[in-house]
Structures are given as structure tokens and as C-alpha cells.
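Going by this note's numbering, the sequence shown opens with residue 550, and the numbers climb by one from there.
Ideal placement from N, C-alpha and C gives every residue a C-beta, glycine not left out.
None of the values given here were measured: they were computed from a predicted structure.
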Amino acid sequence: MAEERIQKLLAQAGLGSRRACEQYLTEMRVTVNGKIAELGAKADPLRDVIKVDGKRVRLETGKVYVMLNKPAGIVTTNEDEFGRKTVRDLVNLEGHLYPVGRLDADSEGLVLLTNDGELANALTHPRYEHEKEYVVLVEGEVDSGVIKAWRRGVVLDGQLTAPAKVTVLDGDHHKTWLRVIMHEGRKRQIREVAGMLGHRVKYLQRVRLGPLQLGDLKLGQWRHLTRGEVKQLQALIEPEKTAAQPAARPKTSHPEAAKKVKPSAAKRRPAR
């Protein structure tokens with residue numbers, strides 16, 4: 550297998566963002582085959598032994614992306630100290646797979662699992678602000694004042710929540726179905742906000758994560774993402790990766806070449 554930069558391999562293994570993995574290298578915490586690795590060095594994930602702080606890193610040679618329709622009562626983690634059933638109990642695949650983000654045990658719907666640590670980190674990092682869409686059933690009739698307050702944001706644990714898109718789908722005097730679209734992911738945020746506004750959540754389902762739609766995937770079932778869906782996810786983080794790279798200097802064949810460009814010709818060039 551072709552060699553890759555070590556910080557990229559560490560990020561793919563789920564050890565953090567690529568920048569965080571670069572820090573491991575600059576702090577001399579990474580070894581390859583027993584020797585301290587420098588920033589920028591490369592390694593072969595099939596042949597080389599990479600360790601961080603003396604612990605071997607399990608490198609994935611093939612990326613896996615799985616969508617699960619999580620039932621209520623299942624914990625969105627790989628292991629649970631209380632012995633509760635987890636999402637990994639439902640996805641019978643070998644190797645390391647990590648759930649991306651959180652979906653509380655009482656809720657159901659779309660959960661993404663992957664061994665692509667770099668993508669997982671990007672999808673959960675606040676700066677990317679990827680949308681998540683939920684269908685929510687709450688007690689009581691939700692009036693326009695509640696909707697406006699939720700859209701503006703409310704103070705939760707001393708911090709104002711980001712504006713959300715909230716619309717009424719259906720309801721009566723006893724219950725209301727809502728669509729909630731948000732990019733934040735605080736613990737039990739929808740339940741907490743709805744409760745603060747006087748409406749207890751009775752049912753919550755995530756139906757979309759970024760470009761991924763739950764569709765007709767049955768409750769408790771999972772499937773691999775299509776190639777197109779994977780490309781859509783990767784496209785979400787490409788602008789950020791490009792922005793993080795230093796701009797390349799324009800190449801000229803001669804130091805005087807730039808001076809020979811006519812002003813009129815320069816104006817005709819399309820803007821980048």
C-alpha cells in the first residue's frame with residue numbers, strides 16, 4: 550500500500566483532527582517502528598508499526614461508512630459501562646467503527662458510523678455547522694410565540710443556543726408535530742429547549758445528517774453509504790481543508806514576465 554503522511558493516518562484512525570495529530574508529532578509522542586517520527590514523515594499502514602505514547606495505533610486500510618436507523622433504547626457509543634445495548638451491537642461488521650456525533654438513548658433515527666476519523670471529526674466540529682434535521686412530537690399545542698423563541702435561541706446552561714429552523718407539521722390541542730433543523734449538537738438539546746418552552750418531548754427522530762437522508766431505512770436496520778453519499782460528505786469538508794492550506798505563489802517563467810501582462814488582458818481574465 551502507498552505511504553501516507555503520518556498525521557493523516559492518525560486522523561483517519563480517530564485520534565483527532567489532522568492539526569491535533571500534527572501536534573503529537575511535534576511533541577515527539579509518535580514512533581514508527583520504534584523510532585521517533587517527525588512532522589511530515591510518511592508510513593505504510595500495512596507494513597509499519599505506529600505508536601502514540603507507546604500504544605500501538607490500529608490503522609484502517611479501508612474506509613467504511615454505515616447509516617443506521619437507531620431504535621430508542623440503544624446507546625450511541627461503542628461500549629456502555631452500564632451494560633446497555635449500543636449501536637455497535639446492531640452493526641455486525643469487523644473492525645473499528647465510531648458513531649459520528651450523539652443521539653440520545655431515548656431518540657431514534659439516523660446515526661452515521663465510520664472508521665474515517667478525519668471525516669468524523671470534521672462532521673462534529675462546531676465550525677463546520679452541518680445541519681441536522683429532526684421530526685419531533687411534543688405535548689400540547691405550540692403557539693407562534695414558542696416557535697419564534699426557539700428560532701431566535703434560548704439560554705441553555707448559561708449559553709444562548711444558535712438559531713434553529715422550527716416549523717409546525719401537524720397537531721391539535723393535545724400534541725404538536727414539529728420539524729427542527731439545527732447545526733448545534735449539545736446533549737439532549739431539543740428535549741431541554743422544548744421543556745424550557747413548556748412542551749415535553751414525547752418522540753424524537755433524526756431524519757437527516759448533512760446531505761444524508763434516512764429515507765425508508767427500517768428501524769434497527771443499517772446499510773453502507775453509496776459512493777455518491779460518501780462524495781457528498783467529503784465535499785462538505787473540502788472547502789475548509791482548502792482554506793486551511795497556504796495559497797500557492799503564482800509561477801512565472803521569468804521575473805519580468807508579470808510586468809509584460811497588458812492591463813486590458815488582465816481585466817479579461819475571469820475572477821478566481
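Separation of residue j from residue i, as counted between CA atoms
i	j	result
A671	Q556	15 Å
G734	E553	32 Å
T716	G583	57 Å
R607	N627	16 Å
P799	I623	In this predicted model, P799 has a pLDDT of only 45, less than 50, meaning its place in the structure is not dependable; the value taken from the coordinates is given anyway. Cα to Cα, the separation comes out at about 54 Å.
P795	V691	Because P795 carries a pLDDT of 49, less than 50, the predicted location of this residue cannot be relied on, and the following value inherits that uncertainty. Roughly 49 Å separates the two Cα atoms.
R567	D706	31 Å
V581	D653	38 Å
R776	A621	29 Å
M577	G650	30 Å
L595	D765	38 Å
T725	P648	30 Å
A569	L642	28 Å
L605	D597	Note on identity: in this sequence residue 605 is Arg, with Leu being the wrong assignment. For R605 and D597, the distance between alpha carbons rounds to 11 Å.
G565	A669	9 Å
K663	K619	The residue you asked about is not Lys; residue 663 is Thr in the sequence shown. Distance between the alpha carbons of T663 and K619: 15 Å.
D593	V660	31 Å
A563	Q783	It should be noted that the sequence gives Gly, not Ala, for residue 563. Each residue's Cα considered, the two are about 16 Å apart.
R701	E657	26 Å
Residue i - partner residues in DSSP beta bridges
i	result
K724	E688
I585	T580
V613	Per DSSP, none; premise fails for V613.
H773	V615
R605	K600
V717	L727
Q708	L705
Q762	R757
E682	I730, R757
V624	T635
Run of the beta strand (DSSP E) containing residue i, from where it starts to where it stops
i	result
Q754	750-758
I599	599-601
Endpoints, alpha helix (DSSP H) assigned at residue i
i	result
V695	693-701
I555	555-561
V742	738-745
A569	567-575
Cβ of residue i within 9 Å of any chain C Cβ
i	result
V581	Looking for chain C here will not work: only one protein chain is present.
| message | With three or more C-beta pairs closer than 8 Å as the rule, is the region 743-750 touching the region 663-682? | response | They do not touch, by the three-pair rule.
| message | Threshold first: 4 residues or longer. Then list the alpha helix (DSSP H) segments lying entirely within the region 634-674, N to C. | response | Listed in chain order, the complete alpha helix (DSSP H) runs (minimum 4 residues) inside the region 634-674 are 636-639, 666-673.
| message | Below 8 Å, how does it come out for the region 628-635 and the region 719-735: are there three or more Cβ pairs, yes or no? | response | Verdict: no, contact absent.
| field | Any 3 or more C-beta pairs closer than 8 Å across the region 746-757 and the region 680-687 | value | Yes: at least three Cβ pairs fall under 8 Å.
| When the Cβ atoms of the region 594-603 are set against those of the region 571-583, are three or more pairs found closer than 8 Å? | Taking 8 Å as the limit for Cβ pairs, the verdict is that the region 571-583 does touch the region 594-603.
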